[in-house]
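Read through the structure below, which is laid out as C-alpha cells, and then see the notes.
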Amino acid sequence: MSLLEIDNLSIQIRDNRVLVDGVSLTVNEGEIVGIAGESGSGKTVTAMSALGFLPAGATAHGEVRIDGVDLLAMNPKKLRSIRGTEVAMVFQDPMTSLHPMLNIGTQLTEHIRVHQGLGRKAAWARAAELLEMVRLPDPHSALSAFPHRFSGGMRQRIAIASALACDPKLLIADEITTALDVTVQAGILDLLNRLRHETGMAVVFITHDLAVMNVIADRLYVMYGGRIAESGSISQVLNATRHPYTRALIDSLPEGAVLGQALVPIPGEAATPDRRPRGCAFNPRCAFAVDSCRSEVPELRELEVGHSAACTVDPFGSRLDRAQTHRPALSTLEDPHVAS
Amino acid sequence: MTLSTTDPNLAPDGIPVRRNLWLRTRKRIPVAWRRPLAAVGIVIILAWVMLAIFAPWVAPFDPLAQDFSRYQPPSLEHLFGTDAVGRDLLSRVIYGARVSLPLAVLLVALSVLVGATVGALAGYVGGVVDSALMRVVDLFFAFPGIILAMAVAAALGPSLTNAVLAIVVVSWPAYARVTRSLVLSLRESNYLAASRLLGASSGRALIKEVMPNVAGPVLVLASLELGNAVLLLSGLSFLGLGAVPPSAEWGSMVSAGASVFYYYWVALFPGLAIFTVVLGFNFLGDAMRDALDPRSARSVATSEL
Amino acid sequence: MLLRFIISRLGSAVILAIGIILVSFTLTALLPGDAASSRLGERAAADPEIMAATRRRYGLDQPLYIQFFVYLGNLLRGDLGTSIRTQKPVLTDLAQFAPASAELAIAATVIAIIFGVGLGIIASLRANGVIDQGLRVVSLGGVSIPIFWLALIAVFLFSITFRIFPSSGRLDPGQTPPQQITGMYTFDSLFTGNWVLFVSALSHLILPALVLAAPMVGLLLRFTRSSMLEVLGNEYVRAAEAKGLPAHTVVLRHVLRGALVPVITVLGTAFASLLAGTVLVEQIFGWPGIGAYAFRSASNLDLPAIVGVTLFVAIVYITVNLIVDFLYGVVDPRIRRA
C-alpha cells in the first residue's frame, strides 16, 4: 500500500466541465513525485484532492486514499483532522499565502495547538524549532514579526515551516518556486530536498518547469487536458520520452536555447476544461496526430516497467535512439545554481 | 521560464479565482437571482412616479378637504382611514408623492451641482486650491447637518425650501470627494494629456474630456442618495422643520399620528409610503452598484476620511 | 512615532474645530432671526432701549469677527457661553445631556456590531444563496426604514400593545438616578450594584437603542458581507483551511480579521453620523440627551447652545476618526508601519 493512492479520479464542475478525467497516481513514502503540465491541465485540482479539497460545486468520482482511507468519503471533521497532520500544503505565492495581519508565531502555532493540543508556550518553542529547521535567521524574533517584514524567499521558508509543523507524511508543494527569483528558487529546492531526507516525508511537487522537476523529483506525472499523458521515473520520462506532449514541453524549455538549441514553443493553445478537443486532447497541437487521435481518447499504457504513456501513435517508441541523439538529454541541463 | 502565459485572474489550473474555490462547496445559485430585487425596485419607483403624476385622477378624494368624520379606521370607502380633521388618508398619501419625489430629485441635483463643481475644480487645478477646497470639504463633513437644518428652520420659519437648502449644505461634500478623486485619476491618464497636446484649452478639456468620464460614477452615487434624501426630508418634516400643514407631506403626516397611537393608521400609512419609496431606490441602487463596480463610488466617499 | 502621529492629528483636529466654530458663527449670523430678541420676551423686544442694552450685555453690538475671537478666547478658558433658554453655562448643559446620548449611541453601536457583522458573516458564507438574498433584503430594509416611523411602530408594539418595554424616559417615574460616575445609568447602577435600577435603566434603553441601530445594522451587514467575500478569495484563507483549522477559526481569525479594515471605516462613519437619528429617536422616546437638547436649542434660536452643540458633535466626529485611524494600526500591522 502506498502513502497516497489516487484511483481513477474524475472531477467535474457545473456545465459538465471536466477538470480531471480518470487520473490514477501513487506516491510512496519518502519519495518526491512531480506533476507537470500547463495551466488548465488539472494538476493542481488533482493534488488538492489529496487534502480532500474540491473546487466549489464540483463532484468527484473515484478514490483518493491516504494510508488506505478514502478522503472523498470522509466527513468534514475527519478531513480537518487529516489536513495539516497527515497531509500539508505549501502554496505558490508566499506573498499571499501568509495572513498579512497575523504574526508568524500565531500562524505557525495555531494548527499545532489544535492538532497536538500543545499549550501556547510549548507550541511557540516548537515554532522556533521549525524556523530553525528551515534556516530562517533569528527565529525567535521572527515569531513576533508580521509577514511583511520578510522577503519572498523567507516567507516561503516560513510557509514550509508551517506545513511541517505537525510532521506530515505528505507535503503538497504547488508551484512553490514559481513566484521566486532563480537564486532563491535553488535555496528552496535545496531545503525541500534536505527536509525530505531529515523527516522522511513524501512530497507531491507541482510545477510546469521541467528543469526544476529534473532537479527535485524522483518520479514524474505529466498531465494534459485533465488526463495523465505520461508517467515514470524522472529519467524515463525526460530522457526516454514517449509522449509527444512531454517532448514538446522539453523542447520549449529556455535551457535548450541556452545550449544553442532553437527554442521551440508549442503551437496552438493549451486545452482547458472549457475548450477540450475531441479524442486525444493534445491532437490539434501534435505534429504526429493521425485520424484516430481526433476520435479516440488514448489509454495510458505501460510501455516498460514503471513507464507509461497515453499515445496511440507512440512516435518515439521506434525512434528512441534517434530522438536521443537529436536532443541533449535533460540530465545534462541542470540549472547551474541548483546543486542537488 | 514559463511555458505558457498566465492569466492573473486564473488559478494555476485555469479556474477563475474570483472567490474562494475551496471553502464553499455548496452549489451556487445563479447570479440572475439578484436581478429580481432591481426589478422590484424599478416597479416600486415607477408606481410612485405614476401615482405622483396622475394623483388628481387616482386619488379618490381631495387631499385637503376636511369632508369626513375624523379618525375613521380603514374601511372600503377610506382604505387608509381618515385623519384628525377628517381628510382621506389614501388621497393624502398619494398626493404626498408629489411633494417628496420631486424635492428629493431637486435636493440631490443641487448637491451634485455644488459638489461636482467644487470637486472638479479641486482635482483639476490642484495645488493650493485643491488643498484649500478639500479642507472646506472636511469641515462640512464634520459639521452636524441636522443642527444647521434645525437652526435654519427656526430662523426662517419651517418650510420645505429651507429644509432642502439645509440638507444641500451638508450633503454636497460627498460628491466633491468622489468627483475630485475621479478627476485626479483622469489627470494621470494619457488621453487628457493628449487632448491638451492637441491644443484644447483647460476649460474645454474639463468639459469635453473630464465631464463624461466623471458623470457615470457621480450619477450612480446620486441615485444611491435619492433614498437618503427622501429620509432626511421627511425626518425634518417629522420634527416640524420642513413641510407645514396642511400640506400632504409624508413626514409631517407621520408626525400628526405620533401622538395618537390609538388611531394607528394615521402614522402607519404615510410611513409605509416613505419606506417603500426609499426601499425602491435602494433596491435599484444596490443592483447598480453591483453591476458597476464592487468598489463603489460611495466607498470612495467614505474611505478617504 | 506614535506620539508624532497623535500630535499631528490633534493639530489638524484643532484647526478643524476652529473652522467649525467659524462656519457655525457665520451661518448663525446670516440667519435673519435676531439673537437679542430671542433672549427677550415679545414685549421687551419691542422696546429699543432694552434691546440695545441686551445687545451690549451679550456683546452682540460688536462686529462678528470680534464676537468670534471673544468666543475663542472664552473657549480656551472652558467657557462656551450661557444658554439663553436654560440660563445655564452651555458646558454644564452638555455635561448633563451628553452621557444619556453616549449611552444610547454606544448601546446602538454594540447592537449594530453584533447583528450587522454577525449577519454579514453569515451572508458571505452563503453568498448568493437563499439566506444571503434574505439578508440582502434585511440590509436594504434597515437603511431604508424611516427611523422615526420605526420608533413609533416599536412603541406601539412593545410598549402599548404588549407592554414589554417602557415607552419613554431613562427610568421609571419616581426612581432616582444612580450616583453619577459615567452618567450612563446602566453602567452606574451596575457599578453601584443597584440591580433594580439596572434592570429599569436597561429596559428603558433597549427599545430606543434597537431603533437607532437599525440603519447601522443594514450598513454593517452589507459592508461586512462584501469585505468578507473579497477576503475569502485570498490564498491565505485556503492556506488556513489546508492546516486543518476548525471552521470557526478560519472564518473569525483569518477571514474576518482580513475583512475588518473596511468594516471599521464604515462603523466610524456610521457612529459619527448617528446624531441625526439621535435627534429623532430622543424626541420620540423622551430621552434627555444631546439630540433633544440640540432640537430645543435650535427651535429657540439659542445661539450659544447651537454653536456649543455643533462644536461638541464635531469633536465627537474628530475623536471617532482618530480612534478609527488608531484601530487600523491595531488590526493591520502594515498600516502600523506607515
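Chains as they are written, first to last, in our numbering: chain A, 1 to 340; chain E, 1001 to 1305; chain H, 2001 to 2338.
Positions of the beta carbon are idealized from the N, C-alpha and C atoms, including for glycine.
This structure is a prediction, so every number in the text was calculated from the model and none was measured.
| Query | Result |
| --- | --- |
| Looking only at DSSP bridge pairs, what is A:F205 linked to? | A:G34 and A:A173 |
| Contact criterion: CB-CB distance below 8 Å. Does A:G373 meet it with respect to chain H? | The requested residue 373 of chain A is not part of the displayed model; chain A covers only 1 to 340. |
| Tell me which residue opens and which closes the beta strand (DSSP E) that A:T178 is part of. | No beta strand (DSSP E) contains A:T178, which DSSP labels as neither H nor E. |
| Do you know how far the Cα of A:E198 is from the Cα of A:L191? | 10 Å |
| Using a Cβ-Cβ cutoff of less than 7 Å, which residues in the same chain neighbour H:I2335 once the five nearest sequence positions on both sides are dropped? | Y2328 and G2329 |
| Which residues in chain A sit within 7 Å of H:H2248, going by Cβ to Cβ distance? | Neighbours of H:H2248 on chain A: none; closest Cβ ~11 Å, over 7 Å. |
| Pick from H:R2222, H:Y2293 and H:I2020: whose alpha carbon is nearest that of H:K2088? | H:Y2293 |
| What does A:E129 touch in chain H if you count any residue whose Cβ is under 7 Å from its own? | Within 7 Å Cβ-Cβ: nothing; A:E129 doesn't reach chain H, min ~18 Å. |
| Among A:D314, A:D274 and A:G226, which has the Cα closest to the Cα of A:R247? | A:D314 |
| What residues are listed by DSSP as bridge partners for A:I228? | A:M223 |
| Would you please state the rounded distance, in angstroms, between the beta carbons of A:Y221 and A:S231? I believe it to be under 8 Å. | 5 Å |
| From E:P1173 to H:V2211, what distance separates their C-alpha atoms? | 27 Å |
| Give the residues from the segment 2210-2240 of chain H that approach chain A closer than 9 Å (Cβ to any Cβ), ordered along the chain. | N2234, E2235, Y2236, V2237, R2238, A2239 and A2240 |
| Could you give the first and the last residue of the continuous alpha helix (DSSP H) run that contains A:E129? | R120 to M133 |
| Could you tell me the distance, in whole angstroms, from the CA atom of A:I104 to the CA atom of H:G2116? | 30 Å |
| With DSSP as the reference, identify every bridge partner of E:M1288, one or two as the case may be. | DSSP output for E:M1288 lists no bridge partner at all. |
| Assuming A:H243 and A:A310 form a contact by the criterion Cβ under 8 Å, report the distance between their Cβ atoms to the nearest whole angstrom. | 7 Å |
| Tell me whether the segment 2137-2156 of chain H and the segment 2237-2250 of chain H touch, counting them as touching only if at least three CB pairs, one residue from each stretch, are closer than 8 Å. | no |
| For H:T2224 versus H:A2259, is the C-beta spacing smaller than 8 Å? | yes |
| Under DSSP, the beta strand (DSSP E) around E:A973 begins and ends at which residues? | Residue 973 of chain E is absent from the structure shown; chain E starts at 1001 and stops at 1305. |
| Taking the alpha-carbon positions, what's the A:K78 to A:T44 distance? | 22 Å |
| If we count the other Cβ atoms within 10 Å of its Cβ and call it buried at 16 or more, is H:Q2179 buried or exposed? | exposed |
| Please list the residues of the segment 1244-1264 of chain E that have a C-beta atom closer than 7 Å to any C-beta atom in chain H, keeping them in chain order. | V1254, A1258, F1261 and Y1264 |
| State the DSSP-derived secondary structure class of H:P2089, mapped to helix, strand or coil. | strand |
| Would the beta-carbon of A:R278 fall within 8 Å of that of A:R294? | yes |
| Strictly under 8 Å for the Cβ-Cβ distance: is H:A2294 near chain A by that measure? | no |
| Determine the closest residue to A:T46 out of A:G200, A:G22, A:R275 and A:S162, with distance taken between C-alpha atoms. | A:G22 |
| From A:T177 to A:I11, what distance separates their C-alpha atoms? | 27 Å |
| Does DSSP put A:H243 in a helix, a strand or coil? | coil |
| Of the choices A:K169, A:V290, A:D93 and A:I188, whose alpha-carbon is the least far from that of A:L136? | A:I188 |
| Counting only the same chain and skipping the five closest in sequence on each side, list residues whose C-beta sits under 6 Å from that of H:L2274. | A2105 |
| Taking 8 Å as the CB-CB limit, is A:E175 close to chain H? | no |
| Taking the Cβ atom as the reference point for each residue, do E:S1255 and E:F1238 lie within a distance shorter than 8 Å? | yes |
| Check distances from the C-beta atoms of the segment 2130-2148 of chain H to those of chain E and list, in chain order, the residues that come in under 9 Å. | V2130, D2132, Q2133, R2136, V2137, S2139, L2140, G2141, V2143, S2144, I2145, P2146, I2147 and F2148 |
| Note down, in chain order, every chain A residue with its Cβ under 8 Å from the Cβ of H:P2333. | P100, M101, N103, F146 and H148 |
| Using the rule of at least 16 other Cβ atoms within 10 Å of the residue's Cβ for burial, across every protein chain shown, is A:K121 buried or exposed? | exposed |
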